[in-house]
Amino acid sequence: MVQLTPNKPYLTMRLKFKKVGSLQYISHLDLVRTMHKIIVRAGLPLWYTEGFNPKPKMVFAAPLSIGTESVCEFMDIRLVDDISPSEVKERLNRNMTDEMQVLDAYYTDEKLTALKWLDYSIEIKTEGVTYELAAECEKLLRSGRVVVKKKGKPHDEPRTADIAPLIKEAKAHISDGLLCIGCTLSADASSFLNPEYVISALREGCGILSAPDITKEYYSIMRLVARRADMSDFGEH
Amino acid sequence: MLNKKEMSSVLKSVEKPGRYIGGEYNRVVKDKKSVRCRFAFCFPDTYEIGMSNLGVRILYDVLNREGGVWCERVYAPWEDMKAKMEEYSIPLSAVESGDPLSDFDMIAFSLQYELCYTTALMMLRLGGFPIWARERGEDAPIIIGGGPCVYNSEPVAEFFDLMNIGEGEEVLPEICRLYMEMKEKGTYTKSAFLRAASHIEGVYIPSLYDVSYNDDGTIKEYKPLYPDVPKKIKKRIIEDLDKAPYPDKLIMPYVETVHDRIVLEVYRGCIRGCRFCQAGMVYRPIREKSPETLCKNAKCLYENTGYDEISLISLSISDYSQLRELTDGLLSWTDDAHVSLSLPSLRIDSFSEELMQKVSSVRTGGLTFAPEAGTQRLRDVINKNVTEEDLMRAVGIAFRGGKSSVKLYFMNGLPTETLEDIEGIAKLASDVVHKYYEMPKSERPRGVSVTISVACFVPKPFTPFQWERQDSLESLEQKQEHLRSHITDRKIRYTYHDARVSFIEAVFARGDRRLAPAIALAVEEGAMFDAWDEYFDFERWLDVFRRTGVDPDFYTTRGFATDEVLPWDIIDCGVTKEFLLRERARAYEGKTTPSCAEHCNGCGANKLGGKNKWCS
Numbered sequence: 001m002v003q004l005t006p007n008k009p010y011l012t013m014r015l016k017f018k019k020v021g022s023l024q025y026i027s028h029l030d031l032v033r034t035m036h037k038i039i040v041r042a043g044l045p046l047w048y049t050e051g052f053n054p055k056p057k058m059v060f061a062a063p064l065s066i067g068t069e070s071v072c073e074f075m076d077i078r079l080v081d082d083i084s085p086s087e088v089k090e091r092l093n094r095n096m097t098d099e100m101q102v103l104d105a106y107y108t109d110e111k112l113t114a115l116k117w118l119d120y121s122i123e124i125k126t127e128g129v130t131y132e133l134a135a136e137c138e139k140l141l142r143s144g145r146v147v148v149k150k151k152g153k154p155h156d157e158p159r160t161a162d163i164a165p166l167i168k169e170a171k172a173h174i175s176d177g178l179l180c181i182g183c184t185l186s187a188d189a190s191s192f193l194n195p196e197y198v199i200s201a202l203r204e205g206c207g208i209l210s211a212p213d214i215t216k217e218y219y220s221i222m223r224l225v226a227r228r229a230d231m232s233d234f235g236e237h
Numbered sequence: 001m002l003n004k005k006e007m008s009s010v011l012k013s014v015e016k017p018g019r020y021i022g023g024e025y026n027r028v029v030k031d032k033k034s035v036r037c038r039f040a041f042c043f044p045d046t047y048e049i050g051m052s053n054l055g056v057r058i059l060y061d062v063l064n065r066e067g068g069v070w071c072e073r074v075y076a077p078w079e080d081m082k083a084k085m086e087e088y089s090i091p092l093s094a095v096e097s098g099d100p101l102s103d104f105d106m107i108a109f110s111l112q113y114e115l116c117y118t119t120a121l122m123m124l125r126l127g128g129f130p131i132w133a134r135e136r137g138e139d140a141p142i143i144i145g146g147g148p149c150v151y152n153s154e155p156v157a158e159f160f161d162l163m164n165i166g167e168g169e170e171v172l173p174e175i176c177r178l179y180m181e182m183k184e185k186g187t188y189t190k191s192a193f194l195r196a197a198s199h200i201e202g203v204y205i206p207s208l209y210d211v212s213y214n215d216d217g218t219i220k221e222y223k224p225l226y227p228d229v230p231k232k233i234k235k236r237i238i239e240d241l242d243k244a245p246y247p248d249k250l251i252m253p254y255v256e257t258v259h260d261r262i263v264l265e266v267y268r269g270c271i272r273g274c275r276f277c278q279a280g281m282v283y284r285p286i287r288e289k290s291p292e293t294l295c296k297n298a299k300c301l302y303e304n305t306g307y308d309e310i311s312l313i314s315l316s317i318s319d320y321s322q323l324r325e326l327t328d329g330l331l332s333w334t335d336d337a338h339v340s341l342s343l344p345s346l347r348i349d350s351f352s353e354e355l356m357q358k359v360s361s362v363r364t365g366g367l368t369f370a371p372e373a374g375t376q377r378l379r380d381v382i383n384k385n386v387t388e389e390d391l392m393r394a395v396g397i398a399f400r401g402g403k404s405s406v407k408l409y410f411m412n413g414l415p416t417e418t419l420e421d422i423e424g425i426a427k428l429a430s431d432v433v434h435k436y437y438e439m440p441k442s443e444r445p446r447g448v449s450v451t452i453s454v455a456c457f458v459p460k461p462f463t464p465f466q467w468e469r470q471d472s473l474e475s476l477e478q479k480q481e482h483l484r485s486h487i488t489d490r491k492i493r494y495t496y497h498d499a500r501v502s503f504i505e506a507v508f509a510r511g512d513r514r515l516a517p518a519i520a521l522a523v524e525e526g527a528m529f530d531a532w533d534e535y536f537d538f539e540r541w542l543d544v545f546r547r548t549g550v551d552p553d554f555y556t557t558r559g560f561a562t563d564e565v566l567p568w569d570i571i572d573c574g575v576t577k578e579f580l581l582r583e584r585a586r587a588y589e590g591k592t593t594p595s596c597a598e599h600c601n602g603c604g605a606n607k608l609g610g611k612n613k614w615c616s
């Protein structure tokens with residue numbers, strides 16, 4: 001067990017949690033504010049930052065963008081008392097709704113930056129889902145060159161980028177009439193790939209999701225597993 | 001209706017989708033099988049604004065405590081979402097269940113501001129209902145209006161089935177009980193229900209009155225259609241706030257709202273009697289909560305929300321007779337819990353060093369005071385009861401306490417106002433700047449800034465100024481320019497309200513039922529969010545008035561005669577016409593009236609009951 005010292009007067013607890021369903025529409029900033037209130041409500045022995053405006057310290061790995069669900073979010077909180085992880089998990093879950101729940105809690109020294117890759121499952125309902133389309137999508141994503149338009153400020157010149165180096169793995173298949181893409185994307189802070197770019201690449205390259213009635217076609221994105229550089233599960237401890 | 005997956009494409013295509021999803025912690029979800037009265041509480045503005053409203057939070061809690069009733073929330077969609085709803089025929093639905101408005105038994109609107117009328121009616125349309133009450137069928141839900149605007153709801157009276165006059169904590173559950181009872185017994189028809197509801201104190205059923213007019217356009221009389229329908233509707237109040245229910249938890253929004261904090265309602269009513277102020281008159285008599293109750297509420301809310309700020313709400317917090325006991329009680333635990341206190345609505349004359357110490361932990365932001373008028377003469381006319389010395393003392397404390405920015409609220413177009421009063425605003429502001437420079441340089445906080453924000457006077461029902469004429473648009477705009485030309489100091493920032501907005505506000509504030517066709521036409525042509533600058537369309541309003549034969553000046557620049565029947569005479573808000581006339585006469589004499597704490601002025605609100613230490 002790690003001891004509290006004057007230099008490090010807190011213990012770091014890692015939380016693995018899910019954020020699914022309608023909570024995919026909550027931004028990262030709103031998640032941070034929400035989580036702040038949850039950990040206060042849970043009455044945990046929180047360590048507060050020093051200074052004029054003390055706040056409990058929270059650090060998040062790989063922020064989730066609006067429109068993506070996840071069952072593998074990670075965040076660290078700092079505690080001033082050695083409290084059991086199962087109790088922390090239980091107290092937090094009582095203060096959350098079903099769509100956000102802590103899946104695991106543990107003390108750790110491993111840095112959040114050790115999280116390097118993320119597995120995603122993308123399900124797409126689009127016109128004309130065929131095996132040929134699935135094969136075409138898979139071929140594009142594995143082709144070694146996947147060019148997308150980068151989002152920028154409205155007045156900037158449109159820029160493009162090749163996201164192929166950030167795609168570790170990509171597979172496509174059909175299930176229940178949906179086009180399903182499984183892929184592993186870079187989650188490194190310096191080269192994070194938002195899965196929405198995979199959608200853009202497929203939209204531009206394979207012509208999917210282009211119906212004028214936006215309710216006829218839709219897609220969902222789910223983060224499934226977080227991985228270290230050696231591809232081991234980041235949540236295993 | 002679209003399913004969840006189809007809806008996801010819509011949500012991904014609009015701004016801030018988080019405001020449409022619900023699912024918040026502490027929301028109430030009931031089993032539909034056990035529910036006999038589904039109640040939709042609509043707020044005619046965005047989620048971020050509606051979620052901040054204390055009245056809605058209180059009534060949501062009260063209604064959901066009631067067996068058989070499930071109260072849900074509904075907010076106005078922003079323009080991008082509204083367009084998608086129209087394009088894909090998505091009906092307006094409640095946040096908790098996602099069910100469309102047509103599934104509900106009652107649909108209530110909180111009418112906070114005259115310019116929200118179009119938004120409320122647009123929400124009804126998005127729910128699939130005709131806006132006119134008479135065009136809605138027997139099976140349509142009961143449409144209810146409440147909130148401060150219903151002290152004169154006549155311009156929108158014909159769109160609603162029922163108006164809740166006064167505080168709703170008791171009335172709304174009574175209405176639901178009557179509804180469930182009649183449904184159970186099989187005696188329910190809409191007309192039988194409304195007739196029976198008219199016997200509940202604090203309920204106004206507009207369709208049960210016939211209004212006739214004189215040749216000069218003024219009202220001749222309000223005539224109840226049946227002998228059992230009350231001639232006047234008496235405002236309902238909660239007599240003892242300590243015994244009234246107060247939410248022990250708050251719905252925790254995921255997206256950031258305007259007032260994202262714990263709000264404690266410290267008291268209702270006001271002991272002051274500012275003669276332009278409607279809230280100060282219609283919320284009488286004053287009723288305070290005890291510090292013990294408030295401290296208990298605060299602790300409980302903190303534990304159930306995790307908020308780090310508690311805001312003490314009332315019309316003028318420093319008039320609370322036990323403020324020290326309350327703040328001491330709260331501060332005994334809030335510092336350790338990293339919770340800060342905020343005290344909005346501070347009066348200039350009660351601002352003290354001690355109070356400042358207690359709030360200074362809150363924010364580094366500035367302080368706001370409301371002298372309202374630029375000269376002592378005019379401040380006496382409006383019965384503001386603060387002096388220039390009070391202001392100078394208050395800003396002195398603020399500057400010494402490290403605050404460098406001060407905001408001052410004023411009004412122009414007040415009765416008896418002259419250009420000298422306007423110039424007085426500029427002078428007062430520069431005196432505040434001088435006060436800063438009088439301090440030794442070493443003790444000054446850095447970068448003084450004084451902001452003056454000037455609103456336009458709107459004569460409001462149930463105030464001593466209810467009969468006054470509103471200053472004309474041209475005159476208000478000239479006065480705004482006149483003031484600008486008298487501000488020479490670069491440390492003074494000057495902002496003012498759009499006089500055209502105040503003009504429309506006055507039309508609706510003092511309007512009658514003949515305005516309804518104009519409002520209906522505006523809604524038909526897409527009016528919504530009039531309270532938002534970017535959506536307010538003055539020309540459209542003038543146009544619909546013209547097309548429906550309304551002369552807006554009849555309600556604005558015309559002085560109302562003291563013997564004329566006023567549209568709001570149908571309501572008894574406690575304060576008597578005799579009192580308002582006495583206060584009006586004193587205004588013209590330049591005489592102030594002491595606060596309720598000093599002397600009872602016989603306003604008449606005491607006849608409503610209510611526990612307090614001042615009313616006899």
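In order, the protein sequences belong to chains A and B. Here the working numbering is used: position 74 in the first sequence is 74, and no number is missing along the way. Here the working numbering is used: position 275 in the second sequence is 275, and no number is missing along the way. We put the beta carbon where it would ideally sit given N, CA and C, even for glycine. Everything numeric in this text was worked out from a predicted model, so none of it was measured.
(1) Classify Trp467/B: buried if its beta carbon has 16 or more other beta carbons within 10 angstroms, exposed otherwise.
(2) Looking only at its chain, what residues have a beta carbon closer than 7 Å to the beta carbon of Arg484/B, apart from the 5 residues adjacent to it on each side?
(3) I need the straight-line Cα distance from Phe60/A to Lys4/B, nearest angstrom please.
(4) Taking the straight line between their C-alpha atoms, what separation do you get for Thr283/B and Ile165/B?
(5) Verify the CB distance criterion: does Met81/B have a CB-CB separation below 8 Å to chain A?
(6) Under the three-state reduction of DSSP, which class applies to Cys149/B: helix, strand or coil?
(7) Roughly how many angstroms lie between the CA atoms of Ala164/A and Val80/A, to the nearest whole one?
(8) Cβ closer than 7 Å: which chain A residues qualify as neighbours of Leu11/B?
(9) Report the residues of the stretch 240–258 of chain B with a CB closer than 8 Å to any CB of chain A, ordered along the chain.
(10) Where Glu564/B and Lys220/B are concerned, what is the direct C-alpha to C-alpha distance, given to the nearest angstrom?
(11) Which of the three DSSP states is assigned to Ser13/B in this structure?
(12) Helix, strand or coil: which one does DSSP assign to Phe545/B?
(13) Does any residue of chain A bring its CB to less than 8 Å from the CB of Val362/B?
(14) What ranges does the alpha helix (DSSP H) occupy inside the stretch 299–323 of chain B, keeping only unbroken runs of at least 4 residues that lie completely in it?
(15) Taking 8 Å as the threshold (C-beta atoms), are Tyr113/B and Cys149/B in contact?
(16) Measure the alpha-carbon distance for Val362/B versus Ile49/B and round it to whole angstroms.
(17) Keeping to the same chain, check which residues put their C-beta closer than 7 Å to that of Glu477/B; ignore five residues upstream and five downstream.
(18) For the beta strand (DSSP E) containing Gly182/A, name the first residue and the last one.
(19) Check whether the stretch 126–138 of chain B touches the stretch 150–160 of chain B, taking contact to mean three or more Cβ pairs, one atom from each stretch, closer than 8 Å.
(20) State buried or exposed for Gln357/B, treating a residue as buried only when at least 16 other CB atoms are found within 10 Å of its CB.
(21) Helix, strand or coil: which one does DSSP assign to Pro154/A?
(22) Got a sec: which bits of the stretch 20–33 of chain B sit with their beta carbon under 8 Å from any beta carbon on chain A, in order along the chain?
(23) In its own chain, which residues sit with a C-beta less than 7 Å from the C-beta of Arg558/B, not counting the 5 before and 5 after it?
(24) Applying the 10 Å Cβ sphere with the 16-neighbour rule, what's the burial state of Val266/B?
(25) Answer yes or no: do Pro195/A and Ile124/A have a C-beta to C-beta separation smaller than 8 Å?
(26) What are the residues of the stretch 30–43 of chain A that lie near chain B, defined by any Cβ-Cβ distance shorter than 9 Å?
(27) Measure the alpha-carbon distance for Asp248/B versus Asn304/B and round it to whole angstroms.
(28) So, is the C-beta of Gly51/A closer than 8 Å to a C-beta in chain B?
(29) Beta carbon of Met35/A, beta carbon of Met58/A: below 8 Å?
(30) Looking at chain B, which residues of the stretch 83–112 of chain A have a Cβ within less than 8 Å of any of its Cβ atoms?
(31) Once DSSP output is grouped into helix, strand and coil, what is the label at Trp117/A?
(32) Counting Cβ pairs, one atom from each stretch, are 3 or more of them under 8 Å apart for the stretch 95–111 of chain A and the stretch 166–186 of chain A?
(33) When you compare the CB of Tyr307/B with every CB in chain A, is at least one pair closer than 8 Å?
(34) Please state the DSSP three-state secondary structure of Tyr436/B.
(35) Per DSSP, which one or two residues make a beta bridge with Met96/A?
(36) Determine the DSSP secondary structure at Arg275/B, reduced to helix, strand or coil.
The structure says:
(1) Counting Cβ neighbours within 10 Å, Trp467/B comes out buried, since at least 16 surround it.
(2) Taken in chain order, the residues that qualify are Tyr494.
(3) Inter-residue distance for Phe60/A and Lys4/B is about 29 Å (C-alpha atoms, whole angstroms).
(4) Looking at the sequence provided, one finds Tyr at residue 283/B rather than Thr. The alpha-carbon atoms of Tyr283/B and Ile165/B are separated by roughly 11 Å.
(5) No, Met81/B lies away from the interface with chain A (no Cβ there is under 8 Å from its Cβ).
(6) DSSP places Cys149/B in helix when its eight states are reduced to three.
(7) One Cα belongs to Ala164/A, the other to Val80/A, and the distance between them is close to 44 Å.
(8) Within chain A, the residues placing a beta-carbon under 7 Å from that of Leu11/B are Tyr25, ordered along the chain.
(9) Across the stretch 240–258 of chain B, CB contacts with chain A closer than 8 Å involve Met252, Tyr254, Val255 and Glu256, in sequence order along the chain.
(10) When rounded, the distance between both Cα atoms is 8 Å.
(11) Correct three-state label for Ser13/B: coil.
(12) Helix.
(13) Interpretation of Val362/B is limited by its pLDDT of 42, a score under 50 that renders its predicted location unreliable; the figure taken from the coordinates is listed afterwards. No, because no Cβ of chain A sits closer than 8 Å to the Cβ of Val362/B.
(14) DSSP runs (the alpha helix (DSSP H)) wholly in the stretch 299–323 of chain B: none.
(15) Their beta carbons are under 8 Å apart, which means Cys149/B touches Tyr113/B by this criterion.
(16) Note that Val362/B has pLDDT 42, beneath the 50 cutoff, so the model's placement of it is unreliable and no number is given.
(17) Hits under 7 Å: Ala499.
(18) Where Gly182/A is concerned, the enclosing beta strand (DSSP E) stretches over Leu178 to Ser186.
(19) The answer is yes - the stretch 150–160 of chain B touches the stretch 126–138 of chain B, with three or more Cβ pairs under 8 Å.
(20) With fewer than 16 other Cβ atoms from the protein chains shown falling within 10 Å of its own Cβ, Gln357/B counts as exposed.
(21) Coil at Pro154/A, not helix or strand.
(22) Contacts with chain A (Cβ-Cβ distance below 8 Å) from the stretch 20–33 of chain B involve Tyr20, Ile21, Gly22, Gly23, Glu24 and Tyr25, listed in chain order.
(23) Short of 7 Å from the beta carbon of Arg558/B, and not among the five residues preceding or following it, lie these beta carbons of its own chain, in chain order: Arg469.
(24) With 16 or more other Cβ atoms within 10 Å, it is buried.
(25) Cβ distance not < 8 Å, so Pro195/A and Ile124/A don't count as in contact.
(26) Shown in chain order are the members of the stretch 30–43 of chain A whose Cβ falls below 9 Å from a Cβ of chain B: Asp30, Leu31, Arg33, Thr34, His36, Lys37, Ile38, Ile39, Val40, Arg41, Ala42 and Gly43.
(27) Whole-angstrom Cα-Cα distance: 7 Å.
(28) Not an interface residue.
(29) It is a contact, given that the beta carbons lie within the stated cut-off.
(30) Across the stretch 83–112 of chain A, CB contacts with chain B closer than 8 Å involve Asn95, Met96, Thr97 and Glu99, in sequence order along the chain.
(31) Assignment of Trp117/A by DSSP, reduced to helix, strand and coil, places it in the strand class.
(32) Contact between the stretch 95–111 of chain A and the stretch 166–186 of chain A is absent, because fewer than three Cβ pairs lie under 8 Å.
(33) The C-beta of Tyr307/B comes closer than 8 Å to at least one C-beta of chain A.
(34) Three-state DSSP puts Tyr436/B in a helix.
(35) The partner list for Met96/A (beta bridge, DSSP) is empty, contrary to what the question assumes.
(36) In the three-state DSSP reduction, Arg275/B falls in the coil class, being neither helix nor strand.
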